[in-house]
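Each residue of the sequence shown is one higher than the one before, starting from 1 at the first, in the working numbering.
Quick reminder that beta carbons are idealized off the backbone N, C-alpha and C, glycines included.
A short write-up of the structure that comes next.
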Amino acid sequence: MERQKVGTMKLADFKFSERFVDYKGGQFLYPPRIENKLNPLSLDKFDNGEHIGQPKLNGSNTSVTISERGFVAKERHNKFFAVPPKFDFLALHRGRGFMCVTGEFMNKSKKDHTKEPFRGFCIWDIVAYNGKILIGSTIEERIKLIDYLYPSMGAVSTKSGIEYLYKTEVENIYKVNNFFGNFTDIYKELIAVDMVEGFVLKRKNGRLEMLTREQNNTGWAVKVRKPTANYLF
């Protein structure tokens, strides 16, 4: 499946669209959250080169703000989140000052493609780096930054070979794969995995807004849930 490759890019190559914003609070705010729903039958309409697809994992939406001295994990309602000691988030720190990655903390005993319970933290966005919130940056730019900071160290794949997660150099920390087309077929394959509850589509040019409310950053992404006994679109 197609992935964008960072290659030998340098940090100077990341020229975000607008200014960064200083944040002095030391604790982070509401992470991006996907609220808008899409019928799976409409996936092909979004397969137009303007969107990026990511697996929607069945865990807890968590933001982790990290500095040289420590880290703070919070769930989607901006409440503190207790993290087991085996998760070495300090080892994720890059750059100067604080940074913040957002992702899915897999704590619901969901199983991977091998039918084994999966435990890990899976990064799907980065919203602060070098002590600044990346206001105005696009998801496409931030994905490139994630790949620059955390090179892939091995893939987690479905039985048919679709790579949906990548290991990082930090144990138990992963990053999601990003898909740039063929969304319907990928969605159908991924939802066969217990820990995947659907698919997310993010508009490439959608810009990060301030993180002061849960409702912010909902306009540039939609989610497609897999059907269950309790959920039908």
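query: Cβ-based burial, PHE80 [other Cβ within 10 Å; buried from 16]; result: exposed
query: Contact under 8 Å by Cβ, GLY219 with GLY206; result: yes
query: As assigned by DSSP and simplified to three states, the class of ARG142; result: helix
query: Which listed residue (MET99, ARG94, PHE87) has its alpha carbon closest to that of ASN107; result: PHE87
query: THR102 in three-state terms, based on DSSP; result: strand
query: Which of helix, strand or coil DSSP assigns to TYR242; result: Lying outside 1 to 233, the shown extent of the chain, residue 242 is not represented and no answer is given.
query: Enclosing alpha helix (DSSP H) for GLU189 [first to last residue]; result: 183-190
query: Cβ neighbours of GLU35 in the same chain (closer than 7 Å, five flanking residues each side left out); result: THR218
query: Local Cβ density within 10 Å of ASN39, reported as buried at 16 or more and exposed below that; result: exposed
query: PRO84: first and last residue of the uninterrupted beta strand (DSSP E) it sits in; result: No beta strand (DSSP E) holds PRO84; DSSP gives it neither H nor E.
query: Expected contact under 8 Å - CB spacing of ILE139 and LYS204 to nearest Å; result: 7 Å
query: Span separating the alpha-carbon of ASP147 from that of GLU171; result: 17 Å
query: Local conformation of SER42 per DSSP, three classes; result: helix
query: Distance between PHE98 and VAL72 (C-alpha atoms, nearest Å); result: 11 Å
query: Boundaries (first-last residue) of the beta strand (DSSP E) holding THR62; result: 60-66
query: Neighbourhood of THR228 by C-beta distance below 7 Å, restricted to the same chain and skipping five residues each side; result: none
query: Host beta strand (DSSP E) of HIS113 (start-end); result: From DSSP, HIS113 is part of no beta strand (DSSP E); its letter is neither H nor E.
query: Sequence-distant residues of the same chain with beta carbon closer than 8 Å to ASP47, five excluded per side; result: GLY181, ASN182, PHE183, THR184
query: Burial state of ALA221 (16 or more Cβ within 10 Å); result: buried
query: Three-state class that DSSP yields for LEU57 in the structure shown; result: strand
query: LEU165, DSSP secondary structure in three states; result: strand
query: Own chain residues within Cβ distance below 8 Å of ARG33, not counting five before or after; result: ASN61, ARG76, GLU214, ASN217, THR218
query: Per-residue DSSP class, three states only, for LEU208; result: coil
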